[in-house]
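Q:
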C-alpha cells in the first residue's frame with residue numbers, strides 16, 4: 251500500500267496530465283455530438299457582444315456594399331410576400347432576419363455567430379440563408395445569439411438536387427476555398443454539365459425545397475469511378491456575409507423532438 | 004512571483020488575440036495563437052500540476068472564442084506538461100529559473116529553441132485535433148507552418164523588445 255502511494259506521488263504530475271487530457275477529449279467528443287452549451291461557444295453573451303461591437307466598427311467601412319445588399323434583400327422580400335399572398339400559404343415557412351456578428355472563412359471548421367437566439371424563436375437545426383442562397387444550419391442556440399454551422403465547414407452535409415432533373419446529391423466542403431463546395435453521391439450514369447443549377451432538395455427539415463445553392467463549376471469522372479466529383483460554385487459569398495435569414499418551419503418543434511429522440 | 008503582472012499581461016494578450024490575430028486573413032491558413040505567450044513565459048517554479056490547470060483554463064477560454072470546446076484545452080495541457088522537461092533539457096544555468104522564462108533569464112539561444120518547439124507542439128496539436136482526419140493533413144501542416152512562424156516571431160519579438 252505504501253509502495254503504491256509512493257508510486258502515485260512519484261507520478262502525480264503524469265496522472266494529473268492524463269486526467270486533464272481525458273477531460274479535454276471528453277469535452278471535444280461531447281461537443282461534436284451535442285454542441286448545446288451556448289455558454290462555452292461564441293453564442294456566449296459576452297463573447298458575442300464583443301464580436302458585435304467589432305463587426306459594427308468594421309461595418310462603417312463597408313456601408314456602401316451593405317446598402318446594396320439590403321436593397322437587394324428588400325426586393326427579394328417583397329417578391330416573396332407577393333408570392334405568399336398569391337399562393338395563400340408559404341408551406342408554413344417563416345423567415346427571421348439576423349445580423350452576422352462574427353464569421354471565419356479560412357479554417358476547416360468555420361462558424362458564424364448571429365444576433366438572434368432562443369428569445370427570437372431560433373431553434374437548433376434551423377436553416378440559414380441569405381438573398382443569394384444557402385448559408386448553413388443553426389448549431390448552438392443561446393438566449394440572444396446563436397452559432398451557425400455554414401456549408402463551408404467540413405462537418406456540414408446538405409442534401410441537394412439538380413434543378414433540371416431532381417437528381418439528389420450531398421453537398422460537402424473540402425476545406426479549401428470558401429467559394430466552392432463538392433457535390434457527392436451523384437452516380438456516373440447522370441449527365442452533368444458545367445453550369446447546372448444546384449438547389450436544396452427539401453428532403454431534410456432544415457430547408458424547404460428549391461433554395462439556390464450554386465452552379466456546377468466542373469465535374470470529373472475518372473475511369474472506373476461510379477460517382478462524379480463535382481465542384482459547385484456557391485451563390486453565397488461568405489467573405490462578405492453581413493445579413494442572413496433563419497428559415498423557420500411550423501413543424502420544426504416536432505421535428506426537433508423527433509431528432510432528440512434519435513440522438 | 005508577481006501574479007498581477009502575469010494576469011494583466013494575459014488580459015492584454017487575449018484582447019489582442021481576439022481583436023487582432025483572430026481577424027487576420029492571410030494566405031488562407033494563418034491562425035496564430037499568440038495567447039500561448041503567457042503560458043510559455045510563466046515562471047517554472049509553480050507546481051507542475053497547477054501549471055497544467057492554468058493551461059487547461061487558458062485553453063478553455065480560447066475554445067469559447069473558437070467554438071472548439073476542448074481542442075485548445077488539450078493542446079495547452081500538453082504544452083504545460085512538456086515545459087519543465089524541456090527547460091531542464093535546454094537550460095544549463097538553473098540559477099536564474101526562479102523568475103519567469105524570458106530572454107533575460109535563459110538567453111536567446113535557449114529561448115529560440117524553447118519557443119519554436121513549444122509553439123510547434125501547440126499549433127500542430129490544435130490544428131490536428133480540430134481537423135480530426137488525415138484527409139486534411141496537407142492543410143493542417145500548412146496551417147501549422149504559417150501560423151507557428153507568426154506566433155514565434157511575435158513571442159521572440161516581444162522578448163527582444165521588453166527584455167533587451
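Protein chains in written order, with this note's numbering: chain P, 251 to 513; chain A, 4 to 167. Note that the Cβ used here is the ideal one computed from N, Cα and C, for glycine as well. In this text the structure is predicted, and so the values were computed from the model without any measurement.
Between the Cα of residue 433 of chain P and the Cα atoms of P/443, P/472 and P/480, which residue gives the shortest distance?
A: As a first step, residue 433 of chain P must be located in the first chain, where it is residue number 183. It is P/480 whose Cα lies nearest to the Cα of residue 433 of chain P.
Q: Residues bridged to residue 434 of chain P by DSSP?
A: Start at 1 with the first residue of the first chain, and residue 434 of chain P comes out as number 184. According to DSSP, residue 434 of chain P bridges with P/420.
Q: When you compare the CB positions of residue 364 of chain P and residue 458 of chain P, do they come within less than 8 Å of one another, or not?
A: Start at 1 with the first residue of the first chain, and residue 364 of chain P comes out as number 114. Start at 1 with the first residue of the first chain, and residue 458 of chain P comes out as number 208. Their beta carbons are not under 8 Å apart, which means residue 364 of chain P does not touch residue 458 of chain P by this criterion.
Q: According to DSSP, is residue 303 of chain P part of a helix, a strand, or is it coil?
A: Locating residue 303 of chain P in the first chain gives position 53, counting from the first residue. Correct three-state label for residue 303 of chain P: helix.
Q: Beta-carbon within less than 7 Å of residue 288 of chain P's beta-carbon, same chain only, minus the 5 sequence neighbours each way: which residues are those?
A: Mapped onto the first chain, residue 288 of chain P falls at position 38. Answer for residue 288 of chain P: 294, 390, 391 and 392, listed in chain order.
Q: Look up residue 412 of chain P in the DSSP assignment and give the residues it is bridged to.
A: What you label residue 412 of chain P is simply residue 162 of the first chain in a count that begins at 1. P/448, per the DSSP bridge assignment.
Q: Relative to the C-alpha of residue 272 of chain P, which candidate in A/8, A/149 and A/59 has its C-alpha closest?
A: Here residue 272 of chain P is taken as the residue at index 22 of the first chain, counted from 1. Answer by Cα proximity: A/59.
Q: Can you tell me which of the three DSSP states residue 396 of chain P falls into?
A: Here residue 396 of chain P refers to the residue found at position 146 when the first chain is read from its first residue. Strand at residue 396 of chain P.
Q: Is there a C-beta anywhere in chain P that falls below 8 Å from the one on residue 32 of chain A?
A: Residue 32 of chain A sits at position 29 when you count from the first residue of the second chain. Closer than 8 Å to some Cβ of chain P, the Cβ of residue 32 of chain A qualifies, so yes.
Q: With a floor of 4 residues, list each alpha helix (DSSP H) that falls wholly inside the stretch 17-56 of chain A, ordered by position along the chain.
A: Segments of the alpha helix (DSSP H) lying fully in the stretch 17-56 of chain A: 39-44.
Q: So is residue 73 of chain A in contact with chain P if we call contact Cβ pairs under 8 Å?
A: Looking up residue 73 of chain A in the second chain gives position 70. It does: the Cβ of residue 73 of chain A has a partner Cβ on chain P nearer than 8 Å.
Q: Run through DSSP, which three-state label would residue 353 of chain P get?
A: Working through the first chain from its first residue, we reach residue 353 of chain P at position 103. Here residue 353 of chain P sits in strand by DSSP.
Q: Ordered along the chain, which non-local residues of its own chain (more than five positions away) have a Cβ less than 8 Å from that of residue 383 of chain P?
A: Locating residue 383 of chain P in the first chain gives position 133, counting from the first residue. Within the same chain, residue 383 of chain P has close Cβ partners 461, 462, 463, 464, 484, 485 and 486.
Q: For residue 379 of chain P, tell me which candidate among P/415, P/346, P/307 and P/351 has the shortest Cα-Cα distance.
A: In the first chain, residue 379 of chain P corresponds to position 129, counting from 1. It is P/346.
Q: Give the straight-line distance between the Cα atoms of residue 71 of chain A and residue 258 of chain P, rounded to the nearest whole angstrom.
A: Position 68 of the second chain, counted from the first residue, corresponds to residue 71 of chain A. Position 8 of the first chain, counted from the first residue, corresponds to residue 258 of chain P. So the two alpha carbons sit approximately 32 Å from each other.
Q: Ends of the beta strand (DSSP E) at residue 108 of chain A?
A: Within the second chain, the letter at position 105 stands for residue 108 of chain A. Residue 108 of chain A -> not in any beta strand (DSSP E); alpha helix (DSSP H) instead, spanning 106-109.
Q: Kindly say whether residue 169 of chain A, judged by its beta-carbon, lies nearer than 8 Å to any beta-carbon of chain P.
A: Residue 169 of chain A cannot be examined here, being either before or after the span of chain A that is shown, 4 to 167.
Q: Using DSSP's beta-bridge definition, name the partner residues of residue 379 of chain P.
A: Against the first chain, residue 379 of chain P aligns to sequence position 129. Beta-bridge pairing links residue 379 of chain P to P/384 and P/495.
Q: From what residue to what residue does the beta strand (DSSP E) around residue 443 of chain P run?
A: In the first chain, counting from the first residue as 1, residue 443 of chain P sits at position 193. No beta strand (DSSP E) contains residue 443 of chain P, which DSSP labels as neither H nor E.
Q: Using CA coordinates, which residue listed in P/375, P/360 and P/396 is at the minimum distance from residue 367 of chain P?
A: Residue numbering aside, residue 367 of chain P sits at position 117 when the first chain is read from its first letter. Cα-wise, what sits closest to residue 367 of chain P is P/396.
Q: Taking the alpha-carbon positions, what's the residue 281 of chain P to residue 128 of chain A distance?
A: If you number the first chain from 1, residue 281 of chain P lands on position 31. If you number the second chain from 1, residue 128 of chain A lands on position 125. Residue 281 of chain P and residue 128 of chain A: Cα-Cα distance of roughly 18 Å.
Q: With burial defined as no fewer than 16 other Cβ atoms inside 10 Å of the residue's Cβ, what is the status of residue 498 of chain P: buried or exposed?
A: As a first step, residue 498 of chain P must be located in the first chain, where it is residue number 248. So residue 498 of chain P ends up on the buried side.
Q: What first and last residue would you give for the beta strand (DSSP E) that runs through residue 469 of chain P?
A: Locating residue 469 of chain P in the first chain gives position 219, counting from the first residue. Unbroken beta strand (DSSP E) run through residue 469 of chain P: 462-470.
Q: Please report the residue range of the beta strand (DSSP E) in which residue 362 of chain P lies.
A: To locate residue 362 of chain P, count along the first chain from 1; it is residue 112. 362-364 is the span of the beta strand (DSSP E), which, as asked, contains residue 362 of chain P.
Q: Just grab the DSSP bridge partners of residue 345 of chain P for me.
A: Within the first chain, numbered from 1, the residue matching residue 345 of chain P stands at position 95. DSSP lists P/497 as partners of residue 345 of chain P.
Q: Taking any Cβ of chain C, which residues in the stretch 264-280 of chain P have a Cβ under 7 Å from it, in chain order?
A: No chain C appears in the structure shown, which is made up of the protein chains P and A.
Q: Would you kindly work out how many angstroms separate the C-alpha atoms of residue 69 of chain A and residue 269 of chain P, rounded to a whole number?
A: Sequence index remark: in the second chain, residue 69 of chain A carries index 66 (1-based). Sequence index remark: in the first chain, residue 269 of chain P carries index 19 (1-based). The straight-line gap from Cα to Cα measures roughly 23 Å.
Q: Would residue 394 of chain P pass as an interface residue toward chain A - the criterion being a Cβ-Cβ separation below 8 Å?
A: What you label residue 394 of chain P is simply residue 144 of the first chain in a count that begins at 1. No, residue 394 of chain P lies away from the interface with chain A (no Cβ there is under 8 Å from its Cβ).
Q: Between the C-alpha atoms of residue 30 of chain A and residue 151 of chain A, what's the straight-line distance to the nearest angstrom?
A: Against the second chain, residue 30 of chain A aligns to sequence position 27. Against the second chain, residue 151 of chain A aligns to sequence position 148. Whole-angstrom Cα-Cα distance: 13 Å.
Q: Which of the three DSSP states, helix, strand or coil, is assigned to residue 94 of chain A?
A: Along the second chain, read from residue 1 onward, the residue named residue 94 of chain A stands at position 91. Coil, per DSSP.
Q: Using a Cβ-Cβ distance under 8 Å, would residue 422 of chain P count as near chain A?
A: Translated into positions along the first chain, residue 422 of chain P becomes position 172. No, because no Cβ of chain A sits closer than 8 Å to the Cβ of residue 422 of chain P.
Q: Listed in chain order, which residues of the stretch 472-487 of chain P have Cβ atoms closer than 8 Å to some Cβ of chain A?
A: Against chain A - using a Cβ distance shorter than 8 Å - the stretch 472-487 of chain P contributes no residues.
Q: Measure the Cβ-Cβ separation of residue 87 of chain A and residue 47 of chain A and say whether it is below 8 Å.
A: For this step, residue 87 of chain A is matched to residue 84 along the second chain. For this step, residue 47 of chain A is matched to residue 44 along the second chain. Contact: yes.
Q: List, in chain order, every chain P residue whose beta-carbon is nearer than 9 Å to that of residue 139 of chain A.
A: Locating residue 139 of chain A in the second chain gives position 136, where the first residue counts as 1. The contacting residues are 358, 404, 424 and 425.
Q: Report the rounded CA-to-CA distance for residue 340 of chain P versus residue 138 of chain A, giving the unit in angstroms.
A: Sequence index remark: in the first chain, residue 340 of chain P carries index 90 (1-based). Sequence index remark: in the second chain, residue 138 of chain A carries index 135 (1-based). Residue confidence for residue 340 of chain P is low, a pLDDT of 46 falling below 50, so the modelled location carries little weight and cannot support an answer.
Q: With DSSP collapsed to three states, give me the class of residue 339 of chain P.
A: Along the first chain, one-based indexing puts residue 339 of chain P at 89. The pLDDT assigned to residue 339 of chain P is 49, lower than 50, so where the model puts this residue is not dependable; a value taken from the coordinates is nonetheless given after this. The answer is coil: DSSP assigns residue 339 of chain P none of H, G, I, E or B.
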